[in-house]
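Before any comments, here is the structure.
Protein chains in written order, with my numbering: chain V, 1 to 600; chain F, 1001 to 1099.
Here it is as C-alpha cells:
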C-alpha cells in the first residue's frame, strides 16, 4: 500500500468503527461488541501507523498529497490531504499506542458501567482517535483547525461522560467554553493568514508583522487547548471524566494538540520573535505555577492534572526558545509516562475506590505491579537520570541556555525540583508506609488493566533514547551533552527533590514541615480567585451578549414576524366573500389600468 | 346610425351592466348585468365589422353569444344550488364559500 493509503487507513479506521457503532445502535447498546469494534479500529489504525514507521526506517521519505477543497471561482481556496513527515509520523504512532493502551485499560476499568454507557464510551473513544489523527496528518492549518474542533467536541463529550453528575457536566461545559474561547484566536489567525498570503500553509513567508499577528492569535488557541496560564483552570476540573479518559486527553492527545500545532507551524513562529518571547515566558510561568499547585493537591488525579499543565509549560517554553524539536520530543516522552501515570492512578483508584491520597497508603504490598508502573512513570516525570523524561527535559532546559533567558531557565529548574518533590510525595503517601484502612482489600485488576501498564512502562523508560532518531527526522542537528551545566543541575534537582520528599513525607508525613505544607492552600486560593474572576468577567460579557441577542437581534426577527402576521390579519378583511365587492375591485382595477393607458 | 353612436351605445350598456352588478344583490339580476356587459362588447364587434368592412368579426359575435349562453347556464345552475340551500337567491349568502 502507498503511504497515503496507509495514512488514510490509520485515520479512518476509527472513524469507520465510530460510524458503525453510531448507525447500528444494537451493537452500541449491547456494550461489549462496541468495545471490540473500537479496539479493532484502533489496532488497524496503529498497525497502519507502524507500517509507515517501518517503511520510514527502510528509507522512505516524506509524503504530501493534497486535493483541492472549497472551490471558489474555479480556484481552490484551500486544500485537504495527507502529510507524512518526521513530525506527523512519530505523533501518529504515539497517539495510536497511547489510545490503544487506554482503550484496553478501559475495558477492565469501565466494566461496571451499564451496557449502553459502556457502548457510548467506546463510540466516543473511536471518534476521538479519528479526530486526533485528522489533526496529526493535516498538511495545512485549515484542515488542522477542522480536526482541532473535532477534538474539542469529542473531548467535551468524554469529560462529560458521567453527565448525570452535575459536577461532571459542569466540568465538561467549562472545558468546552474555555477552549472554544481560545479557539477564536485560531479562527482569526487563519483569517489574517488567508488575507495576507492567500492560503493556509505554514510554509508561507509573510512579513514579520503579519507572522507576529498570525502566530500570536494561534498561540491564544494554544493557551486554551494546552491549558497554559491563565486559561489552565479547566484542566483540573476535567478530571471529572473517567480516569482512562484523563489518561488519553491529558497525555498524548487533546492538550498535546496545542503543542503539536506550534511544532507544525514552526516556520511561521520562526518569523515572529515577539510571539516566541511571550511563549517562553508563559510556558515558564505555567510550569512553575502549576508545579506549585500540584504540590498541595490531595486528589491523586489533580496532582497529575497540574503536573500535565506544568509539563506542557516546559514544551511551550522550549518552543518559545525556538527549539521545536525539544518541545516535540518532550511531548512524545510525556505522552508515554503521563499516560502510564494516569492509568496506574486509575488502577489504584479502581482498587481503593477513592481519589484521595489520604485514603491510600502501603499499596506497594497489595499492588506490586501498579507500584512499579507508577514508580517508573513518576521517576520519568521527575527527570531521574536515564529515564525518558530526563532526556527530553534536559533538551528543553538546554535550549533555554544563553540568549539572556536565565530567568525562565531558573523557573524551569525550580519546577524540575518541585516536580520531583511532588511526585515523591505521591509515591510515598500512596505506596509507602503502612496499609491504610481502605487499601486493606485492594487487589490488582485483570490482564486488561495490567497489560497496558506494562506496555506503556517500556517507552516511559526507554523512549528517551529515540530522541536522536526523531531529531534526524525533523532535520534537527543537535548533540546531547550530558556533562554540560544544564543536565547536571537538572539531574541534581530531580535527586534533591526526591530526597527532600523522602525526608518530609516518610513516617506517614509526621515531620513538622509536612503538615504545614499540606495546609499550604495559598496557591489554590490564587487559582480559585482567578477562576472566579474569569467566571464573573466571562459570564458578564456573555450576559450582555445574551441580552443583545435576546432582545435586539431576536427582537428584530420577532418584530418582522409580528408585522407579517398583523399585516396578514388586516389584508384578510379585504376578502369579504361578497361577489359585489370583488366585482367593484375588478372594475376599479380596469379603470386604473385605463387611466394609465390614457395618460401615457 | 354612425360608428360613434354604436360605441356610445356599447359604453352605455357596459356602464349599466357594471352598475347593476355592483348594486344588485339578487343573483339573477347580477347575471343579467353580466349579460349586458358581454353584449356591449358584442355590439362593438358587430359595429366595427359593419363600418370597417369584413364579415369575419360577425362570426366572432356568434361564437361569443354561444359561449355567453353556456356561461349563463353554469351561472344559473349555481343560482339554483344556492336557492336550494338557503331558499333565497341573494348572492351574499354564498360568501360562506370563502372559507
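From the three backbone atoms N, C-alpha and C, an ideal C-beta is built for every residue, glycine too.
Among residues of its own chain, excluding the 5 on either side of residue i, which ones have a beta-carbon nearer than 6 Å to its beta-carbon?
i, result
"residue 155/V", "249, 254"
"residue 93/V", "49, 53"
"residue 142/V", "78, 200"
"residue 267/V", "202, 203"
"residue 311/V", "334"
"residue 313/V", "283, 286, 287"
"residue 1044/F", "1010"
"residue 31/V", "115, 118, 119"
"residue 1014/F", "1037, 1040"
"residue 448/V", "104, 107, 108"
Between which two residues does the beta strand (DSSP E) carrying residue i extend?
i, result
"residue 64/V", "63 to 72"
"residue 79/V", "75 to 84"
Can you give me the start and stop residues for the alpha helix (DSSP H) that residue i sits inside?
i, result
"residue 135/V", "115 to 137"
"residue 559/V", "554 to 572"
"residue 28/V", "25 to 30"
"residue 946/F", "Outside the displayed span of chain F (1001 to 1099) sits residue 946/F, for which this structure offers no information."
"residue 296/V", "Careful: residue 296/V lies outside any alpha helix (DSSP H) and carries neither H nor E."
"residue 592/V", "579 to 599"
"residue 259/V", "254 to 264"
"residue 391/V", "388 to 399"
"residue 87/V", "Where residue 87/V is concerned, there is no enclosing alpha helix (DSSP H), given that its DSSP letter is neither H nor E."
"residue 1005/F", "1003 to 1023"
"residue 370/V", "368 to 382"
"residue 432/V", "No alpha helix (DSSP H) contains residue 432/V, which DSSP labels as neither H nor E."
"residue 1089/F", "Run containing residue 1089/F: none; DSSP gives neither H nor E here."
"residue 364/V", "Segment: none, residue 364/V is in no alpha helix (DSSP H) and carries neither H nor E."
"residue 344/V", "324 to 352"
"residue 1039/F", "1027 to 1052"
"residue 449/V", "447 to 462"
Tell me, to the nearest whole angstrom, how far the beta carbon of residue i is from that of residue j; I am working on the premise that it is less than 8 Å.
i, j, result
"residue 315/V", "residue 416/V", "No, residue 315/V and residue 416/V are not in contact; Cβ-Cβ is about 14 Å, not under 8 Å."
"residue 51/V", "residue 6/V", "6 Å"
"residue 284/V", "residue 115/V", "Incorrect: roughly 47 Å between the Cβ atoms, too far for contact."
"residue 304/V", "residue 337/V", "So it is not a contact: roughly 11 Å between Cβ atoms."
"residue 361/V", "residue 435/V", "6 Å"
"residue 396/V", "residue 367/V", "Between residue 367/V and residue 396/V the Cβ distance is about 32 Å, and since that is not below 8 Å, they are no contact."
"residue 320/V", "residue 379/V", "So it is not a contact: roughly 27 Å between Cβ atoms."
"residue 98/V", "residue 257/V", "Residue 98/V to residue 257/V, Cβ: 13 Å. No contact."
"residue 1047/F", "residue 1007/F", "7 Å"
"residue 404/V", "residue 108/V", "In fact, because the Cβ distance is near 51 Å, the residues do not count as touching under 8 Å."
"residue 369/V", "residue 453/V", "7 Å"
"residue 443/V", "residue 351/V", "6 Å"
"residue 383/V", "residue 307/V", "Their Cβ separation, rounded to whole angstroms, is 12 Å, which puts residue 383/V and residue 307/V out of contact at 8 Å."
"residue 245/V", "residue 188/V", "Not confirmed; about 30 Å, so no contact."
"residue 95/V", "residue 81/V", "Contact flag wrong, Cβ pair sits at about 19 Å."
Apart from the five residues just before and just after residue i, which ones in its own chain have a Cβ nearer than 7 Å to its Cβ?
i, result
"residue 56/V", "89"
"residue 68/V", "76, 79"
"residue 1059/F", "none"
"residue 318/V", "326, 327, 330, 396, 399"
"residue 1093/F", "1082, 1086"
"residue 1061/F", "1042, 1045, 1046"
"residue 540/V", "none"
"residue 423/V", "378, 381, 382"
What residues in its chain sit with their C-beta under 8 Å from that of residue i, if we drop five residues either side in the sequence?
i, result
"residue 461/V", "376, 380, 387, 388"
"residue 300/V", "345, 348, 349, 355, 356, 357, 360, 426, 430"
"residue 148/V", "135, 183, 186, 221, 225, 257, 261"
"residue 501/V", "420, 421, 422, 423, 424, 425, 427, 428"
Inset, instruction - For the stretch 160 to 248 of chain V, list the beta strand (DSSP E) runs that are entirely contained and at least 3 residues long, ordered along the chain. - result: Counting only runs of 3 or more, we get nothing.
Legend entry - Where the stretch 574 to 591 of chain V meets chain F: residues whose CB sits under 7 Å from a CB there: Only those residues of the stretch 574 to 591 of chain V whose C-beta falls short of 7 Å from the nearest C-beta of chain F are listed: 575, 576, 577, 578, 579, 580, 583, 584, 587.
Inset, instruction - Please list the residues of the stretch 1004 to 1021 of chain F that have a C-beta atom closer than 7 Å to any C-beta atom in chain V, keeping them in chain order. - result: Cβ contacts with chain V come from 1018, 1021.
Inset, instruction - Anything in the stretch 1035 to 1049 of chain F with a Cβ closer than 9 Å to a Cβ of chain V? List those residues in chain order, please. - result: Result list empty, no residue passes.
Legend entry - Contacting positions in the stretch 1077 to 1097 of chain F - beta carbon closer than 8 Å to chain V: Contact residues of the stretch 1077 to 1097 of chain F toward chain V are 1091, 1092, 1094, 1095, 1096, 1097 (C-beta to C-beta distance below 8 Å).
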